[in-house]
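Visitor: Below you will find the structure I want to go over with you.
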Amino acid sequence: MSGHSILVVNAGSSSLKFSLFRLDAADTLHLAVHGQVDGIGTRPQFKVKDDAGRRLVERELDVAEVREVKDAIALARAWLRGHFAGETLLAVGHRVVHGGAGYTRPVLVDDAVFADLEKLTPFAPLHHPHNLAAIRAIRETQPQLPQVACFDTAFHRSHPQLADVYALPWEYYAAGVRRYGFHGLSYEYIAGVLPQVAPEIANGRVIVAHLGNGASLCALHAGKSVDSTMGFSPLDGIPMGTRPGELDPGVLLYLVGQRGMTPATLENLLYKESGLLGLSGVSNDMRLLLESAEPHAQFAIDYFVHYIAKAIGALAAVLGGLDGLVFTAGIGENAPEIRARVVKACAWLGIALDGEANQRGNACISAAGSAVSAWVVPTNEELMIARHAHALVKAEP
Ligand code: ADP
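For what it's worth, my numbering labels the leading residue of the sequence shown as 6, then goes sequentially.
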């Protein structure tokens with residue numbers, strides 16, 4: 006087997022996901038395998054599936070083998086080398102959560118860029134160190150292999166200043182306290198496919214609801230991000246699997262000042278114990294909540310839908326009206342009941358659902374004649390990263 010490929014890496018605190026994309030004769034990228042190493046440092050597991058979702062590997066590993074991100078990278082690379090012997094890896098594209106104010110697009114990582122990215126760690130202390138650990142591990146073993154950092158924040162740098170600033174003294178803005186917005190690679194992918202999937206709205210005013218474990222919404226005008234629900238961190242906006250979404254900062258002052266919460270316990274509460282999990286007491290998994298008879302599980306779903314509808318109203322106001330609403334990510338792509346409830350709550354905007362199309366998960370789920378159309382568009386952040394990495398290495402002299 007010979008050919009060219011791009012590796013995509015998404016490194017987190019306890020897991021590393023990777024996808025290998027191969028280039029065909031027409032220079033188009035196709036997913037070959039997708040794998041992950043879970044339980045890094047605790048109970049590591051290694052899984053790989055092919056492009057059709059067939060399992061190629063699934064095995065438990067000794068914790069001594071996979072203590073940190075660099076061990077997971079070594080494991081994945083060794084497996085890929087064995088499985089794709091003779092294949093030339095052109096580049097590695099990394100999902101990097103934070104690109105600060107400066108990175109408006111993906112970038113080839115050299116020494117200067119790497120040093121610059123390290124300075125952004127305080128803005129995303131939970132994710133950034135792991136993203137960088139993956140880049141560092143490959144730089145150490147294969148310094149010549151091009152690596153491309155693709156940022157979750159970059160696509161939102163087109164926001165007007167009104168959507169980029171908090172009403173704090175300007176010195177904080179200068180110090181980086183800004184509304185960065187996240188899920189940018191997902192929104193960029195959706196904006197990229199809308200001209201084919203939904204040409205009638207692609208150039209207009211669109212709200213994309215990225216509803217996964219992490220969840221946010223983005224207002225697109227002619228394919229450019231003009232506002233989003235997430236801000237300085239991925240905590241803001243709508244409620245999520247384990248994060249509360251928007252929260253009066255007074256709550257934080259109370260928890261720290263009166264209840265003596267430390268930054269670490271607060272971080273745990275806000276990132277891991279809140280949202281659908283905290284409200285339901287059952288799970289952060291929407292599938293389990295939809296099946297649950299627990300009143301709190303149903304309340305958590307009501308709450309999720311309510312705040313999504315509220316955010317859609319706010320973003321429609323920013324856009325000065327709405328042409329289309331797009332659902333994407335785990336819940337947006339797979340939960341017709343949630344889509345139906347959100348669309349119903351937004352009927353006042355002129356959206357009417359086609360119930361059958363919604364149940365079937367058609368691309369267009371609004372009724373004929375609906376003033377605002379509604380869509381289901383699967384996202385593909387990995388492919389977006391692979392395309393960026395490929396484009397940057399191709400552009401190199
Ligand atoms: P992330 O990438 O942020 O971890 P995903 O985009 O994979 O998350 O979405 C995960 C969410 O999607 C979970 O809440 C899961 O329950 C939900 N989900 C996946 N499939 C379904 C389904 N068939 N019905 C309802 N929810 C689903």
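Cβ coordinates follow ideal geometry from the N, Cα and C atoms, glycine included.
Less than 8 angstroms between the beta carbons of residue 37 and residue 25, yes or no?
Guide: Cβ atoms of residue 37 and residue 25: closer than 8 angstroms.
Visitor: Under three-state DSSP, which class holds residue 129?
Guide: DSSP, reduced to helix, strand and coil, places residue 129 outside both helices and strands of the structure shown, so it counts as coil.
Visitor: Measuring from the CB of residue 219, is there a heavy atom of the ligand ADP at a distance below 7 angstroms?
Guide: Yes, since a heavy atom of the ligand ADP falls inside the 7 angstroms radius drawn around the Cβ of residue 219.
Visitor: Tell me, please, which residues DSSP counts as bridged to residue 93.
Guide: 9
Visitor: Please list the terminal residues of the continuous alpha helix (DSSP H) segment that includes residue 107.
Guide: Counting along the chain, residue 107 falls outside any alpha helix (DSSP H), and DSSP gives it neither H nor E.
Visitor: Going along the chain, which residues of its own chain have a beta-carbon closer than 6 angstroms to the beta-carbon of residue 335, five neighbours each way excluded?
Guide: 217
Visitor: Taking buried to mean at least 16 other C-beta atoms within 10 Å of its own C-beta, is residue 232 buried or exposed?
Guide: buried
Visitor: Comparing C-alpha positions only, which one of 31, 116, 183, 222 sits nearest to residue 316?
Guide: 222
Visitor: Measuring straight from C-alpha to C-alpha, what distance separates residue 12 and residue 287?
Guide: 36 angstroms
Visitor: Going by Cα to Cα distance, which pick from 41, 155, 395 is closest to residue 58?
Guide: 41
Visitor: Counting only beta-carbon separations shorter than 8 angstroms, does residue 299 have a partner in chain B?
Guide: Annotation note: the requested chain B is absent from the structure, which comprises a single protein chain.
Visitor: Around the C-beta of residue 2, are 16 or more other C-beta atoms found within 10 angstroms, so that it is buried, or is it exposed?
Guide: Residue numbering for the chain in the displayed model covers 6 to 402; residue 2 lies beyond these limits and cannot be assessed.
Visitor: Can you tell me the Cα-Cα spacing of residue 366 and residue 257, whole angstroms?
Guide: CA-CA distance, residue 366 to residue 257, rounds to 40 angstroms.
Visitor: Grab me the residues of residue 171's own chain with a C-beta within less than 8 angstroms of its C-beta, minus the 5 sequence neighbours each way, in chain order.
Guide: 177, 178, 182, 183, 184, 236, 237
Visitor: Just the C-alpha distance for residue 342 and residue 331, rounded to the nearest angstrom, thanks.
Guide: 15 angstroms
Visitor: Let's see if you can read the secondary structure: which residues bound the alpha helix (DSSP H) around residue 313?
Guide: 300-324
Visitor: Would you grab the beta carbon distance between residue 215 and residue 191 for me? Rounded to a whole angstrom, and I think it's under 8 angstroms.
Guide: 5 angstroms
Visitor: Residues in the same chain with beta-carbon distance under 6 angstroms from residue 23, minus the five sequence neighbours each way, listed in chain order, please.
Guide: 14, 40, 81
Visitor: When DSSP labels each residue in this structure, what does residue 278 get in the three-state scheme?
Guide: DSSP places residue 278 in coil when its eight states are reduced to three.
Visitor: Quick check: the Cα distance between residue 6 and residue 93, rounded to an integer number of angstroms?
Guide: Here the model assigns residue 6 a pLDDT of 49, short of 50, so the residue's position is not dependable, and the following value carries that caveat. One C-alpha to the other measures close to 10 angstroms.
Visitor: In terms of residues, what are the limits of the alpha helix (DSSP H) holding residue 84?
Guide: That run of the alpha helix (DSSP H) goes 74-88.
Visitor: Can you grab the Cα-Cα spacing for the pair residue 18 / residue 376, in whole Å?
Guide: 44 angstroms
Visitor: Under 7 angstroms: does the beta carbon of residue 340 sit that close to some heavy atom of the ligand ADP?
Guide: For residue 340, the shortest separation between its Cβ and any heavy atom of the ligand ADP lies below 7 angstroms.
Visitor: Please report the straight-line C-alpha distance between residue 72 and residue 51, rounded to a whole angstrom.
Guide: Their Cα atoms are separated by approximately 13 angstroms.
Visitor: Between residue 383 and residue 83, what straight-line distance do the alpha-carbon atoms span, to the nearest angstrom?
Guide: 31 angstroms
Visitor: Just mark residue 194 as buried or exposed, buried being the case when its beta carbon has 16 or more other beta carbons within 10 Å.
Guide: With 16 or more other Cβ atoms within 10 Å, it is buried.
Visitor: Applying the criterion that 16 or more other CB atoms from any shown protein chain within 10 Å of the CB defines a buried residue, is residue 249 buried or exposed?
Guide: Flag for residue 249 reads buried.
Visitor: For residue 175, count the other beta carbons within 10 Å of its own beta carbon; 16 or more makes it buried, fewer makes it exposed. Which is it?
Guide: By the neighbour-count rule (16 or more Cβ atoms within 10 Å), residue 175 is not buried but exposed.
Visitor: What is the DSSP secondary structure of residue 71, counted as helix, strand or coil?
Guide: coil
Visitor: Keeping to the same chain, check which residues put their C-beta closer than 7 angstroms to that of residue 289; ignore five residues upstream and five downstream.
Guide: 218, 246, 247, 280, 281, 282
Visitor: Are there 16 or more other CB atoms within 10 angstroms of the CB of residue 146, so buried, or fewer, so exposed?
Guide: Classification of residue 146: exposed, given that the 10 Å Cβ count is below 16.
Visitor: Have a look at 349, 391, 66 and flag the residue whose alpha-carbon is nearest the alpha-carbon of residue 379.
Guide: 349
Visitor: From residue 53 to residue 60, what does the alpha carbon distance come to, in whole angstroms?
Guide: 6 angstroms
Visitor: For residue 25, write down the residues that DSSP places opposite it in a beta bridge.
Guide: Residue pairing of residue 25 in beta bridges, as defined by DSSP: 12, 38.
Visitor: Mind checking residue 116: buried by the 16 CB within 10 Å criterion, or exposed?
Guide: exposed
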